[in-house]
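Inspection log for the structure reproduced underneath, given as structure tokens.
Residue numbers (my numbering), protein chains in the order written: chain A, 632 to 870; chain B, 297 to 688.
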């Protein structure tokens, strides 16, 4: 089902999508927000730049974007998958508690902010390029992976990564020399057991975007986890 | 965008009420707060580095995909290079609440300026734009005799005159006062405001635009962006937590915050730092979006580090905190800047001689579908784009 969304607002687009089954292609997208919000059981391909909060509260649908995406992709998503064949704006995966986000290129600020886990759900975000500052801010669960591919000399992550992190895991494909982490987290070289946890996600990334798995995985990774012996006691108020 | 406590209540009482109160706030329509409006202000800009002029249609198109970011309580534009035939004269764009106010103001202007041309700013009737004040423009040249007697340079004299009118003359506001540039603003959505002011009939080498979603202060004609003084114009998405600290400091130097919203203080800060204090654009950016002390601490370049320390220390009251993305327009260029935490979005793209800046990539695509090198500047990273010298 092909829908030209050129002159449709976000409400009309979602109404049209809700009436569909199976595989949908949206073309001429330009900034409409909330596309596929809360949806399940659909495959949606998007051509053109979708607006903010793409796939918010996503509940199982699979979205593929063939351009860049804007802010707050996968905001609070529960299940499903979002694949972006370009870069992604700020606050990607905001508070997501399940599902996967794969970004071929770079992420803006605050990717994975307040990502969490819920019962048996473990959200996963794989960023192929580099990530901006405040990566994994207040991360409470789930897995964030940054690969640093085609980084063109940029650091794999900007300033203040993991600020307020108190759960979940972050993997950076780098020795992280020169990157300053807060005192409340532990950053160490990833061992075989750590890598075992993320092999399938990296394989899926390579499959989606045509990278060689061995080249990507055979490289030093740093794994960051909250330091349970030294937790955040006082970010804003004492408790 | 909006936050401010500096109300000039007396002035409001004496003015045409409808000039200040947008129709959406009257009668039985729902107010924001009673109805959820998912918004957050929108900014956009385009400049030709070759100084090639474009009509205002492109910048109006830029605002269309971002309609959800505004709520119809303010829209505006600034165009540079739009008055080549009057390039040597200050173009004063003004709102008046009545014909009598205009007559009084003209008498005042004639004591200070030679008025080369005086006319209504042409507008179109647009159903969405209502209750407009009297909108006028004057092309003026300061009287040499007055400059001599006041011992002021031309720009300082014009700036002081603007402050005097906005602060003291009831019902009269100068909302644009630069040479060969002009600001156009109203209560409404920006796409409608652009049509209202017939921006398709102007040509400029650089344009900025704003769609407003006022959060803390009234949506009125003077409160729409851009905020302009001399050739500076500022469009802003965000809110200034440090507004009152900034205002108190800048008002010590003769500036008056009269527009009942926070953004105007950024315009005055830029005028003060760059025109009065002689800082570069980049240095001014380091004042308002100063790097964190922890970041400065880690700097290895000693000279750069000293400069950062100096700017943060000397102009500490001009640090602008809270979320913002702004575009500063001036004769010959644009500067885009985010707060240092980057709490608002902003992207930049380019194509041939044009550089595009917007809150959202969709806006850039609306101006130029095949724009290249679309990227997001880091927090506090000033992006300065200049038009070729002599081309504008």
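Backbone N, C-alpha and C define an ideal beta-carbon position, used for all residues, glycine too.
Because the structure is a prediction, the values reported are computed rather than measured.
- Neighbours of residue 764 of chain A in chain B, taken as residues whose beta carbon is under 9 angstroms from its own, are 637, 638, 674, 675 in chain order.
- Residue 388 of chain B counts as buried, since at least 16 other C-beta atoms from the protein chains shown sit within 10 angstroms of its C-beta.
- Taking a C-beta distance under 9 angstroms as the contact criterion, residue 759 of chain A and residue 657 of chain B do not qualify as a contact pair.
- Residue 542 of chain B is bridged by DSSP to nothing; it lacks a bridge partner.
- Secondary structure at residue 486 of chain B: helix, using DSSP grouped into helix, strand and coil.
- Under the DSSP assignment, residue 645 of chain A falls in the alpha helix (DSSP H) whose first and last residues are 641–649.
- Within its own chain, the residues whose Cβ lies closer than 8 angstroms to the Cβ of residue 651 of chain B, once the five positions on either side in sequence are excluded, are 342, 343, 345, 630, 644, 645, 681, listed in chain order.
- When the Cα atoms are used, residue 359 of chain B and residue 797 of chain A turn out to be separated by approximately 40 angstroms.
- Beta-bridge analysis with DSSP links residue 677 of chain A to A/657, A/696.
- Residue 621 of chain B is bridged by DSSP to B/533, B/634.
- At least one CB atom of chain B sits nearer than 9 angstroms to the CB of residue 641 of chain A.
- Taking 7 angstroms as the upper bound on Cβ-Cβ separation, chain A lies near residues 361, 362, 364 of the stretch 341–367 of chain B.
- When DSSP assignments are scanned along the stretch 652–683 of chain B, the uninterrupted stretches of alpha helix (DSSP H) that are 4 or more residues long and fall wholly within it turn out to be 657–663.
- Per DSSP, reduced to three states, the secondary structure at residue 736 of chain A is coil, with no helix or strand assignment.
- In the DSSP assignment, residue 824 of chain A falls within the alpha helix (DSSP H) that extends over 823–840.
- C-alpha of residue 659 of chain A to C-alpha of residue 678 of chain A: approximately 6 angstroms in a straight line.
- Counting along the chain, the unbroken beta strand (DSSP E) around residue 373 of chain B starts and ends at 371–376.
- Residues are counted here when their Cβ sits less than 9 angstroms from a Cβ of chain B; for the stretch 674–686 of chain A these are 679, 680, 681, 682, 683, 684, given in chain order.
- When DSSP reads this structure, residue 342 of chain B sits in a beta bridge with B/503, B/652.
- Boundaries around residue 433 of chain B are those of the beta strand (DSSP E), 430–438, since no alpha helix (DSSP H) includes it.
- Contact annotation, residue 503 of chain B with residue 355 of chain B: C-beta distance approximately 4 angstroms; criterion of less than 8 angstroms satisfied.
- Nearest to residue 662 of chain B by C-alpha distance, out of B/442, B/353, B/410, is B/353.
- A distance below 9 angstroms separates the beta carbons of residue 617 of chain B and residue 536 of chain B.
- Counting C-beta atoms within 10 angstroms of its own C-beta, residue 641 of chain A has 16 or more neighbours from the protein chains shown and is therefore classed as buried.
- DSSP places residue 603 of chain B in the uninterrupted alpha helix (DSSP H) bounded by 598–610.
- With respect to residue 366 of chain B, residue 485 of chain B sits close: the two C-beta atoms are nearer than 9 angstroms.
- Each of A/775, A/780, A/785, A/794 was checked against the Cα of residue 862 of chain A, and the nearest Cα belongs to A/794.
- Residue A/799 holds the alpha-carbon nearest to the alpha-carbon of residue 728 of chain A among A/781, A/799, A/675, A/738.
- Taken through DSSP and simplified to helix, strand or coil, residue 494 of chain B comes out as coil.
- The straight-line gap separating the alpha-carbon atoms of residue 591 of chain B and residue 789 of chain A is approximately 12 angstroms.
- With a cut-off of 8 angstroms on Cβ pairs, the stretch 509–529 of chain B is not in contact with the stretch 401–415 of chain B, counting fewer than three such pairs.
- Residues of the stretch 691–706 of chain A that bring their beta carbon within less than 9 angstroms of a beta carbon in chain B comprise 698, 699, 700, 701, 702, in sequence order.
- Scanning chain A for C-beta atoms nearer than 9 angstroms to the C-beta of residue 656 of chain B yields 662, 680, 682, 683, 701, 702, 720, reported in chain order.
- With fewer than 16 other Cβ atoms from the protein chains shown falling within 10 Å of its own Cβ, residue 651 of chain A counts as exposed.
- In the structure shown, residue 635 of chain A adopts extended strand secondary structure according to DSSP, grouped into three states.
- Taking 8 angstroms as the Cβ-Cβ cut-off, the stretch 767–801 of chain A approaches chain B at 789, 790, given in chain order.
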